[in-house]
Amino acid sequence: MKSTIRIKTINGKEYWYEDIPYYDKEKKQIRHRSKYLGKNIDGQPVRVRDEPMVPVAKTIIDAPIGAYTHGNLLPLQKITQELSLQSTLEEFLNADETDVVLALAYNRVLRPLALQNVQTWFEGSSLFLQNPHLPLASQRLSEILASLGKSNVPTLFMDRFTSLITPNATLFYDITSLSSSSQLLELLEYGYNRDSDGLPQVNISLVMDKDRGIPIQYDLYPGSIADIGTLANMLRRLKTRGISQFRLILDRGFFSQTSLAELLDEEIPFIIPPTLQLTSVKELLSKAQKQVAKAEYLHKYEKEAIFAMPVTLSHLYELEEEPRVLTVKGYCYYDPQREQDERSSFYRHLYDVAEKLRNAQPKAWKRPDVVVGEIAGHYARYLTWKFADGRFEVAIKQKAVTQRVNRMGRFILLYSGDMDWLTCLTQYRQRDAIEKCYDVMKNDLKALPLNLRTEETLRGYLFITFLALVLRMRLQMMMKETGLIKQYSVQKLLLELEKIKVVELSSGEMMVSEVSKKNRTILEAFDLCA
Numbered sequence: 014m015k016s017t018i019r020i021k022t023i024n025g026k027e028y029w030y031e032d033i034p035y036y037d038k039e040k041k042q043i044r045h046r047s048k049y050l051g052k053n054i055d056g057q058p059v060r061v062r063d064e065p066m067v068p069v070a071k072t073i074i075d076a077p078i079g080a081y082t083h084g085n086l087l088p089l090q091k092i093t094q095e096l097s098l099q100s101t102l103e104e105f106l107n108a109d110e111t112d113v114v115l116a117l118a119y120n121r122v123l124r125p126l127a128l129q130n131v132q133t134w135f136e137g138s139s140l141f142l143q144n145p146h147l148p149l150a151s152q153r154l155s156e157i158l159a160s161l162g163k164s165n166v167p168t169l170f171m172d173r174f175t176s177l178i179t180p181n182a183t184l185f186y187d188i189t190s191l192s193s194s195s196q197l198l199e200l201l202e203y204g205y206n207r208d209s210d211g212l213p214q215v216n217i218s219l220v221m222d223k224d225r226g227i228p229i230q231y232d233l234y235p236g237s238i239a240d241i242g243t244l245a246n247m248l249r250r251l252k253t254r255g256i257s258q259f260r261l262i263l264d265r266g267f268f269s270q271t272s273l274a275e276l277l278d279e280e281i282p283f284i285i286p287p288t289l290q291l292t293s294v295k296e297l298l299s300k301a302q303k304q305v306a307k308a309e310y311l312h313k314y315e316k317e318a319i320f321a322m323p324v325t326l327s328h329l330y331e332l333e334e335e336p337r338v339l340t341v342k343g344y345c346y347y348d349p350q351r352e353q354d355e356r357s358s359f360y361r362h363l364y365d366v367a368e369k370l371r372n373a374q375p376k377a378w379k380r381p382d383v384v385v386g387e388i389a390g391h392y393a394r395y396l397t398w399k400f401a402d403g404r405f406e407v408a409i410k411q412k413a414v415t416q417r418v419n420r421m422g423r424f425i426l427l428y429s430g431d432m433d434w435l436t437c438l439t440q441y442r443q444r445d446a447i448e449k450c451y452d453v454m455k456n457d458l459k460a461l462p463l464n465l466r467t468e469e470t471l472r473g474y475l476f477i478t479f480l481a482l483v484l485r486m487r488l489q490m491m492m493k494e495t496g497l498i499k500q501y502s503v504q505k506l507l508l509e510l511e512k513i514k515v516v517e518l519s520s521g522e523m524m525v526s527e528v529s530k531k532n533r534t535i536l537e538a539f540d541l542c543a
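Numbering-wise (the working numbering), the sequence shown opens with residue 14 and increments by one.
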């Protein structure tokens, strides 16, 4: 089947397209795919990126007929090329579909909008000059997102994308919840809601490459799935993608005797703080907190004194047919400054809660224990109370308070592999990068709320959000590497670059607008030219 070349007229302007016939195996019929070739200039197709940009200093007789935002796209397009995002997408999507996916991802980074407004944004950017016939009407976008969500494109993309990971990379893993009021999504369930908005949610997990500062893999789970329940699935996915040599940094929400056994069995180097749910951990911390403040364990960390004592956790694992002892190395840390801050904060809040209870005047129909729960929250464990004559009599449990205060400033990090106290502590504290990544996804990329109608559209939308997050986090890392982060926030830098326009002249020529000194400094730092 031969392709044909034809000219389409769009908004009074002529553009060349190649009409490519192909056989659709699912529908068992001949279909056609349109490939944009370029603008019609002197009878030839010329793409904008190939057109000569007229220097602004040159005397121009032609009047400008349009201006398109351009500069803020340049770093995103550089990242797209650097990480092979476009070429990887083109392995699974046709040219127009790839352009739509990238345009949506760019939009979420630059100016996240509802689907019905994306086409207006696109027509005001230089992306429009590269492919003015791109299908971006809201109905068409919904169809494309649903098609993405039904397909295995996101999985195939991550299979290829994760191959970029260097051996022995340090990976962060965490999970968060995205809430929605939609009544049509089966993935939405009630569970531990990190945003405390009372809505059902879908959980999304991320694996993040520490050194490159970008997410490399994500998964979706029903909102009721606990953090621990996702760990085994994540490890299997990494293994099937050929990733075997890495160090995993986890938060305490993933700690359990089962997850500990699995990490040890898979021989995966890891760092994880244990919870006090296991008796063996309580006993270890109780023993260590009395010894950790010895002079032999004194060190200096970020100009502050800190104590670090080697410890070993031995836990009897009885969930298998043959019980065995899990043995894990770790460090118990004691931070005197942190202890002081925690004590002050704890006593202040405990006093406020007790006073608030004493002054409470609950309605007669309301149960006293419910009122205590609402006012005291987790501080209720440190209080005793009686309710008489419409008032609360409150006292503080000294033993419970003493046990809590004695642990302040002290914490344990367990690890496997060869690691000194400094490496263990430093790498664990760097895991706040993935928390910031979730913050960017929710607040900067506007991943919430999820007002979508079908699960397929949700899955397609979150794939776009993942790509946008890769772009946004890599841009932030580039700003750190070049020192621009000291002068600009990501948003301010993109707004500054937005001043660079591509101007279309009545003759059909394209011209880049004046580049300011600030913009030139940014472009040179990124090794870009307008």
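Each residue gets a CB set at the ideal place from its N, CA and C atoms; glycine is no exception.
For residue i, the nearest candidate out of the options (CA to CA)
i	options	result
Leu123	Thr534, Ala481, Val516 and Leu233	Ala481
Ser151	Val113, Leu177 and Gly255	Val113
Pro213	Ile477, Leu142, Asp222 and Ser192	Ser192
Asp402	Ala377, Arg361, Leu147 and Val528	Ala377
Leu233	Leu106, Val166 and Thr189	Thr189
Met486	Glu103, Glu509, Glu27 and Tyr451	Tyr451
Leu87	Val516, Glu511 and Glu522	Glu511
Thr271	Pro286, Ile241 and Thr288	Ile241
Thr397	Asn120, Arg444, Leu161 and Ala408	Ala408
Gln258	Trp134, Glu103 and Asn181	Asn181
Lys459	Leu128, Asn53, Lys52 and Leu96	Leu128
Phe174	Leu488, Leu96, Leu298 and Val453	Leu96
Ala80	Phe141, Glu309 and Ser164	Phe141
Lys410	Tyr395, Arg417 and Gln416	Tyr395
Gly266	Glu156, Ala321, Ile238 and Leu50	Ile238
Phe539	Pro235, Met491, Ser529 and Glu333	Met491
Arg544	Gln440, Lys52, Asn120 and Thr292	Residue 544 lies beyond the residue range present for the chain, which begins at 14 and ends at 543; the question has no answer from this structure.
Gln143	Met171, Gln132 and Val59	Val59
Beta-carbon gap between residue i and residue j smaller than 8 Å
i	j	result
Ala274	Leu339	yes
Tyr364	Leu426	no
Thr534	Ala159	no
Ile284	Ile256	no
Leu115	Thr93	yes
Asp222	Ile447	no
Ala108	Ile477	no
Ser218	Thr243	yes
Val384	Ala373	yes
Leu98	Val166	no
Leu329	Val341	no
Pro282	Ser100	no
Thr288	Phe268	yes
Lys499	His83	no
Phe405	Arg371	yes
Pro228	Phe479	yes
Tyr474	Leu484	no
Glu591	Ile33	With the chain covering only 14 through 543, there is no way to say anything about residue 591.
Lys91	Leu541	yes
Asp264	Arg444	yes
CB-CB length for residue i against residue j, believed under 8 Å
i	j	result
Val215	Gln230	Not quite, the Cβ-Cβ distance comes to about 17 Å (not below 8 Å), so this is no contact.
Asn85	Leu507	5 Å
Leu248	Glu296	Not quite, the Cβ-Cβ distance comes to about 29 Å (not below 8 Å), so this is no contact.
Lys531	Glu509	6 Å
Tyr347	Val305	4 Å
Glu27	Ser16	The Cβ separation is near 19 Å, so there is no contact.
Leu438	Tyr360	Not confirmed; about 27 Å, so no contact.
Ala318	Leu311	7 Å
Gly137	Gln489	That pair is no contact at about 25 Å.
Ala308	Trp434	Between Trp434 and Ala308 the Cβ distance is about 15 Å, and since that is not below 8 Å, they are no contact.
Glu468	Gly162	7 Å
Phe135	Leu154	Phe135 to Leu154, Cβ: 11 Å. No contact.
Chain C within 8 Å of residue i, Cβ atoms only
i	result
Val384	Structure shown: chain C not included; a single protein chain is present.
Open item on the list: Measuring CB atoms only, is the segment 413-426 touching the segment 343-357, in the sense that at least three cross pairs come out at less than 8 Å?
Closed with: yes
- [ ] Note down, one range per segment and in chain order, each beta strand (DSSP E) of at least 3 residues found wholly within the segment 251-334.
- [x] 259-262, 283-285, 311-314 and 317-330
Open item on the list: With three or more beta-carbon pairs closer than 8 Å as the criterion, would you say the segment 364-379 touches the segment 326-338?
Closed with: no
TODO: Starting from the N-terminal side, write out each stretch of the beta strand (DSSP E) that is 3 residues or longer and does not extend beyond the segment 481-521.
DONE: 514-518
Task: Runs of alpha helix (DSSP H) lying entirely within the segment 98-137, each at least 4 residues, in chain order - done: Runs found: 98-102, 108-123 and 128-136.
- [ ] At 4 residues or longer, and completely inside the segment 332-358: list those alpha helix (DSSP H) runs for me, N to C.
- [x] none
TODO: Tell me the start and end of each unbroken beta strand (DSSP E) in the segment 352-422 that is at least 3 residues and wholly inside, in chain order.
DONE: List check, beta strand (DSSP E) in window: 396-401 and 404-409.
Open item on the list: In chain order, what are the residue ranges of uninterrupted beta strand (DSSP E) at least 3 long that sit wholly in the segment 423-448?
Closed with: Qualifying beta strand (DSSP E) stretches, in chain order: 423-428.
Task: Contiguous beta strand (DSSP E) assignments of at least 3 residues, all confined to the segment 214-255 - done: 214-222 and 227-235
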